[in-house]
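Shown next, in C-alpha cells, is the structure this report addresses.
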Ligand code: ADP
Ligand code: MG
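Numbering (UniProt numbering), first residue to last: 1 to 777.
Here it is as C-alpha cells:
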C-alpha cells in the first residue's frame, strides 16, 4: 500500500525532473523562493514535494556531479513519509538525505540530520553544502573539528538557525538540556524542533541509546555511607544473601533481614532509608557486577579507569554515574572522588520523540524492527539496492578453541591476500585486532590496524582498505559510515574480502561488517570464523561454555552453532530490555520535565506575574506552616519570620500578640497581613514595574531550578535502587512512578516555599550598566 503511494510519488518527481533539466541555473535557483511562497500561501508540503525533490536532484547533479538514482529518490520519499529506510552501505544515503532535507527546510522550520559521530557530521555537511547553497539555503555542521573545543551560545544559535544542520545525537541532546538551563532568554539558542533524519539510525537509536544522557553539575555532599555499605557487602554470601543475573544483583529476603539488623533499621525499603538502600545497592554492584580488568582497571596513579568492554578501549576521564564510581573506589580502597549531582537528564528516545517529524536510514536496521516499532513507533522499509548485491556470503565456520579459530582465519586471510585481493579482517574487540595483527607480523604481511580512538583517522585507514594487496584489521564499530572503494584491479580480482573473527554482540554488527564488501553491485565476499571462546559466549554463559570446551571435544558443528547463536541472542535481548527500562523510567521523568521546561520558558519569555499569584503562593505556605505547628513558641515564630519573610524586626503595629498564637485562624490572618505589607514594601522599593517584574521572575526561576535539580538527581538515584527492588516481588516501574509522583509533589511544596523566601529576602542591586544582580537567601 505504502509502496504503491511511494512509487506514484516517484513518478511525479521524475516528471518534474524533465522540466528542471531544461532550466538555466538562475531559473533552477528561483525554484526555492517560488516554492517557499507557495507554502506561505497555504499549499501543503506534500503538494510541492515533487517539484522540490526534482529541483534539489538537479542541483545535486549540477553542483555535486551526482544525480540520485531512482532507489535513492524512493528511499528519500520513504523517509519523508516517516519510515526508517534500510539502504545498504555504499548505496549513497548522504545524497539521498538532500531531498527530504531540502523539502522540509523550505518550511523555514528547524531541519536537522544527526549521525553517529562528529567526523561523519562534519564530512557530510561539507560535501552536501554546495548543493544547498546553490539553491539558496544555509547549511552548517554543529560540531567542532577538534575534540574538546566548545561552541559559544552565539555560535550554537547561528548553527541552529541555519536552514539545515548536520550534527550528532549526543551534541543535540546536550544542547537541548543546556538550552533549558540558561538563566536569561537571550542565552537560549534552540528553535522548536521540526524535522529530523537520523543517519546510521541503528547505531544512534539503539547502540547509542543504552544510557540516558546526564549533565552533572554541582557537587553533592559526600556521605560516609560508602565505607559502611562496602564493609556490609563484603560480609555477604552469594545465593544466601544476594542473587545475581544478567548484570543485575539484589538482596534475597534473608539478605534484607540481615541488612536491617546490621544497620539497625526497621524497614530497609522505607523512604527514610533510601540513602542506605542506595549505597548498599551501589556497593553490591561494585563487588558483584563490575569486574577489575573487564570493566575497569586501577591506573598507576590510583584512579579507576573504565573500559568499554565492547571495544576494549579504555575511557580515561569517564566516570560511572549516580555514585557507582565512588562505590567502586571504595571497593578498591582508593581515595573517593567528589560525587557530582545530576542536574539534567534525558534519554535519546525521548529526545527524538520530541520531533513532530522523525525518520532515519541505515544499512542494518531491519533486524531491530520490533524494538523500533515499540519504542519509537517507527516502521522499517527496506529499499532495494541500485545494483544487485553480488557479494558472496560464505557459511560461518565454527571452532571449539580460539586458537583453531584464529589459525583458520589467518590461513584464509593469507590465501586471499596472495591473490592481491584486498582483505578486511573484522574483530569483536580491540584486543582481538592486536592478537591478529601480531599473527600477521609473524607471517611478514604488511597491514594497517584500526584501533586509534579517533574517527577522522579511522576514516582515512578504512578508505584505503580497498587498495590492491591491502590488509586491514579493524573492530566492527570502527570506521562506520566510511565507504571502502575497491580499486579497479581489486574488483577484477573479486573485490573486497571480509573475514570476521568472532561472533559479534548482535546480528546488526555482523551485517555491517559484511556490508563493507560488495557495495553498489561490486563483487566481494564475507565469512565469519566463530568459536566457543568468543566474548559473547564467554560473557553470557561462562560456566556452560567452559564445561563444553573442557569436556566434550567432539561437539557437533550444529551444537556449536546453536550455542553460540543463543548466546548472541541473549546478549541482544539484554540490551533491548535495559533500553526499554530506561525509556519507561524516562517516560515518567519526561512528563515532569515538560511541565518544568514550559514553566521556565514562560518565565524567560517575560510572562508577567500577578500580585495575586504571589499572594496565593505565600498564603499556601503560611497555611501549611500554621497547620504543621499547632503549639508554636514565640522563639519559633520569630525564627520562621526571620527565615522566610523579613530580616528586620516586625514593626510594632503588626506585632503578634501572645494570645493570638494559640488561635490558629488568627495567627494565620496576622501572618497574611504581615506578608501583604511586606509585598507592598518590596514592590515600592523598585523604581519601575519592569524591574519589579524581572525581579519576581528571577525569584521564580531560581526556586524552580533549585527544586528541579534535586528532583532530577533524586530520580536518577532512584533508578539504581529500584532495579534491585524489582526482584523482591515488587514492580519496579510502579514503585518508581509512585516515588516520582510523591517527590514531584514534595518538590512543588518546596518550590513554593523558596519562591516566597526569594521574593521577600532577595536583595536586588542595579549595577552601572542597569543590569539587575540579585542575591538570594
Ligand atoms: P552510504 O552512506 O549509503 O554508505 P555514501 O553516502 O557514503 O553511502 O555514498 C557512497 C558513495 O557513493 C560515495 O562516494 C558517493 O559519492 C557515491 N554516490 C552516492 N550516490 C551516488 C549517485 N547517485 N551517483 C554517483 N555516485 C553516488
Ligand atoms: Mg553514510
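Ideal Cβ placement from N, Cα and C applies to all residues, glycine included.
CA-to-CA distance, residue j to residue i, given in whole angstroms
i, j, result
"residue 597", "residue 771", "25 Å"
"residue 22", "residue 704", "60 Å"
"residue 156", "residue 45", "28 Å"
"residue 334", "residue 286", "13 Å"
"residue 665", "residue 744", "29 Å"
"residue 413", "residue 426", "11 Å"
"residue 122", "residue 500", "29 Å"
"residue 679", "residue 700", "15 Å"
"residue 637", "residue 609", "29 Å"
"residue 687", "residue 599", "27 Å"
"residue 10", "residue 197", "20 Å"
"residue 511", "residue 38", "44 Å"
"residue 183", "residue 611", "23 Å"
"residue 506", "residue 702", "46 Å"
"residue 726", "residue 249", "Any answer about residue 726 is weak, because its pLDDT of 47 lies below 50 and its placement is not dependable; what the coordinates show is given next. So the alpha carbons of these two residues sit roughly 10 Å apart."
"residue 749", "residue 734", "23 Å"
"residue 99", "residue 167", "17 Å"
"residue 354", "residue 621", "35 Å"
"residue 172", "residue 673", "49 Å"
Check whether residue i and residue j have beta carbons under 9 Å apart
i, j, result
"residue 330", "residue 283", "yes"
"residue 763", "residue 774", "yes"
"residue 274", "residue 709", "no"
"residue 215", "residue 190", "no"
"residue 107", "residue 160", "no"
"residue 206", "residue 324", "no"
"residue 402", "residue 531", "yes"
"residue 429", "residue 474", "no"
"residue 391", "residue 514", "yes"
"residue 448", "residue 464", "yes"
"residue 174", "residue 213", "yes"
"residue 386", "residue 714", "no"
Cβ shell of residue i (< 7 Å), same chain only, five flanking positions each side left out
i, result
"residue 653", "With a pLDDT of 41 at residue 653, under the threshold of 50, the modelled position of this residue cannot be trusted; read the value that follows with caution. Closer than 7 Å at the Cβ level, and outside the excluded window around residue 653, lies no residue."
"residue 718", "736, 739"
Whole-number beta carbon distance between residue j and residue i, since they are thought to touch under 8 Å
i, j, result
"residue 737", "residue 632", "Their Cβ separation, rounded to whole angstroms, is 36 Å, which puts residue 737 and residue 632 out of contact at 8 Å."
"residue 200", "residue 163", "That pair is no contact at about 23 Å."
"residue 341", "residue 217", "6 Å"
"residue 383", "residue 75", "4 Å"
"residue 229", "residue 298", "So it is not a contact: roughly 20 Å between Cβ atoms."
"residue 409", "residue 582", "The Cβ separation is near 36 Å, so there is no contact."
"residue 476", "residue 461", "In fact, because the Cβ distance is near 15 Å, the residues do not count as touching under 8 Å."
"residue 471", "residue 440", "7 Å"
"residue 307", "residue 332", "That belief does not hold up - the Cβ atoms of residue 307 and residue 332 are roughly 14 Å apart, past 8 Å."
Contacting residues, own chain, Cβ-Cβ under 8 Å from residue i (five flanking each side not counted)
i, result
"residue 208", "116, 169, 170, 348"
"residue 617", "752, 755, 756"
"residue 232", "259, 262, 263, 280, 283"
"residue 62", "25, 28, 134"
"residue 711", "592, 743, 744, 747"
"residue 765", "772, 773, 774, 775"
"residue 336", "222, 226, 326, 329, 330"
"residue 71", "87, 91, 383, 384, 385, 386"
"residue 177", "213, 215, 344, 345, 346"
Beta-carbon contacts of residue i that lie in its chain and below 6 Å, excluding the five residues immediately before and after
i, result
"residue 255", "241, 242"
"residue 54", "13, 16, 17, 20"
"residue 468", "420, 487, 489, 490"
"residue 251", "242"
"residue 247", "289"
"residue 759", "699"
"residue 516", "424, 484, 498"
"residue 659", "At residue 659 the pLDDT is 48, less than 50, meaning the model places this residue with poor confidence and gives no usable figure here."
"residue 534", "502, 503"
"residue 397", "529"
"residue 779", "Nothing in the structure corresponds to residue 779, since the chain is present only between 1 and 777."
"residue 352", "358"
Enumerated in chain order, which unbroken segments of the beta strand (DSSP E) with a length of 3 residues or greater are wholly contained in the segment 220 to 300?
Along the segment 220 to 300, the beta strand (DSSP E) occurs as fully enclosed runs of 3 or more residues at 242 to 245, 248 to 251, 296 to 298, listed in sequence order.
Runs of 3 residues minimum, wholly inside the UniProt domain "Helicase C-terminal" (409 to 564): which ones carry the beta strand (DSSP E) assignment?
423 to 427, 448 to 450, 471 to 475, 496 to 501, 524 to 531
I'd like the ranges of any beta strand (DSSP E) spanning at least 3 consecutive residues and lying wholly in the segment 74 to 135.
84 to 86, 111 to 115
For a minimum of 4 consecutive residues, which ranges assigned as the alpha helix (DSSP H) are wholly contained in the segment 676 to 718?
Complete alpha helix (DSSP H) runs here, min 4: none at all.
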